[in-house]
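For the sequence shown, my numbering gives the first residue as -15, with consecutive numbering after it.
Notes to accompany the following structure.
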Amino acid sequence: MEITLLRATIDDAKELHAMQVEAFKELLEKYQDFDTNPGNENVEKVEARLKQDFTFYYFICIGQQKAGAIRIVDMKENGKNKRISPIFILPEFQGKGIAQKAIQLCEETHGNENWELDTILQESKNCYLYEKMGYRKTGKTEVINERLTLVFYEKKEADIT
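Rendered as structure tokens:
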């Protein structure tokens, strides 16, 4: 299964938004985090991000099929962390190693060191994935509601295995 990244443009905003809503729907229902869940964002927020000089949105593709997307925030400054926010895989493609490969491709494209992200502490599969890829908990957490806590990760040059 060949996984590639396809850079998204402003013309892709509606498609990206629709995929994001679908991919995050189950988590939104489970955690009721209406202020922070990407599945509850409007298309204008996606459009605004696509217009940012430091934002790189990529469709995650299997062959010609779009399986998800990833947004990289890269200020292109030495010592400044690059950020993954968000990454999502459509439900029918989840659990196949696609997110891991997409992150590896982004790290190759944007540089292997100084990355950060956050995820839902209660989603152990997500935490396991990031930890397996060399991301380490920073110690910072943020309680969103009684069901959901965000946990923050980073990957420095020394963490690369």
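Where a beta carbon is used, it is the ideal one built from N, C-alpha and C, also for glycine.
Whole-angstrom C-beta distance between residue j and residue i, which should lie under 8 Å
{"i": "residue 90", "j": "residue 128", "result": "At roughly 25 Å, the Cβ-Cβ gap does not stay under 8 Å, so residue 90 and residue 128 are not in contact."}
{"i": "residue 58", "j": "residue 94", "result": "5 Å"}
{"i": "residue 101", "j": "residue 43", "result": "Not confirmed; about 19 Å, so no contact."}
{"i": "residue 27", "j": "residue -2", "result": "6 Å"}
Reference residue i; option with closest CA among the options
{"i": "residue -12", "options": "46, 125, 80, 107", "result": "46"}
{"i": "residue 104", "options": "0, 88, 121", "result": "121"}
{"i": "residue 21", "options": "33, 115, 7, -8", "result": "7"}
{"i": "residue 108", "options": "99, 68, 132", "result": "132"}
{"i": "residue 51", "options": "-7, 138, 125, 3", "result": "3"}
{"i": "residue 54", "options": "67, 125, 11", "result": "67"}
{"i": "residue 88", "options": "71, 78, 76, 13", "result": "71"}
{"i": "residue 1", "options": "19, 16, 18, 29", "result": "29"}
{"i": "residue 113", "options": "139, 97, 19", "result": "139"}
{"i": "residue 31", "options": "-5, 64, 13", "result": "-5"}
{"i": "residue 136", "options": "15, 79, 65, 92", "result": "65"}
{"i": "residue 130", "options": "78, 17, 61", "result": "17"}
{"i": "residue 60", "options": "97, 12, 116", "result": "97"}
Limits of the alpha helix (DSSP H) - the one that residue i falls within
{"i": "residue 33", "result": "27 to 34"}
{"i": "residue 74", "result": "Residue 74 -> no alpha helix (DSSP H), and no H or E assigned at all."}
Bridge partners - residue i, DSSP secondary structure assignment
{"i": "residue -4", "result": "The partner list for residue -4 (beta bridge, DSSP) is empty, contrary to what the question assumes."}
{"i": "residue 139", "result": "99"}
{"i": "residue 134", "result": "104, 126"}
Range covered by the beta strand (DSSP E) that runs through residue i
{"i": "residue -10", "result": "-13 to -9"}
{"i": "residue 122", "result": "120 to 127"}
Exercise. Which full runs of the beta strand (DSSP E) of 3+ residues lie inside the region 38 to 116, going along the chain?
Worked result: The region 38 to 116 contains these whole beta strand (DSSP E) runs: 39 to 46, 49 to 57, 66 to 73, 99 to 104.
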